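Position 127 of the sequence shown, counted from 1, bears residue number 129 in this note's numbering, the numbering being contiguous throughout.
Every residue gets a Cβ at the ideal spot worked out from N, C-alpha and C, and that includes glycine.
This one's a predicted model, so the numbers in the text were calculated from it and none came from an experiment.
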Amino acid sequence: MAGTKVLDSWALMCYLEQEAGHNKVIDLFEQASHSSKPLLMCVVNWGEVYYQIMRRLGEAKAQEIERLIRSFPIHIVEVDLDLTCEAARFKATKRMSYADCFAAALAKVKKAELVTGDKEFKEIEKEVKILWL
């Protein structure tokens, strides 16, 4: 599992909710901790995780999870014009949520493998390498 990895919100929620596939995410955290390559996550996808937790469990729990996520070997990537244009290209040509397009765009721009279990990403398997959970 060498190389740069991009987490989609699905992957992080899988870990947090201990759903099937969460052990693979734990393995990725351990590998990233022992290497010089943190996992990447677009700030838009991080926001998805935050709002989902806040909606279901309240703001205090969302803030607690935010502190937990900060302890993980994840580098949160800010959005710039280039990343937004790449996400917009995916959105214009694929049947994907706009937030998912940012995860796909980050993986494409960084030539990284996208970590997810979200079937929506089947749309881009020929353009972006996917590590399915």
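Taking DSSP as the reference, what is the three-state secondary structure of residue 77?
-> By 1-based counting over the sequence shown, the position of residue 77 is 75. In this structure, residue 77 counts as strand in the three-state DSSP scheme.
Quick one: is residue 66 near chain B, going by C-beta distance under 8 Å?
-> Given the protein chain composition of this structure (a single chain), no chain B is represented.
Do residue 111 and residue 135 have their CB atoms nearer than 8 Å?
-> Sequence index remark: in the sequence shown, residue 111 carries index 109 (1-based). Sequence index remark: in the sequence shown, residue 135 carries index 133 (1-based). Taking 8 Å as the Cβ cut-off, residue 111 and residue 135 do not qualify as a contacting pair.
Using the C-alpha atoms, what's the distance from residue 96 back to residue 42?
-> Against the sequence shown, residue 42 aligns to sequence position 40. Against the sequence shown, residue 96 aligns to sequence position 94. Approximately 23 Å, taken between the alpha carbons.
Quick one: is residue 47 buried, meaning 16 or more other Cβ sit within 10 Å of its Cβ, or exposed?
-> On the sequence shown, residue 47 is found 45 positions in, with the first residue counted as 1. Residue 47 comes out buried.
Segment contact flag, the stretch 74-94 with the stretch 27-36, C-beta cutoff 8 Å, min 3 pairs = yes
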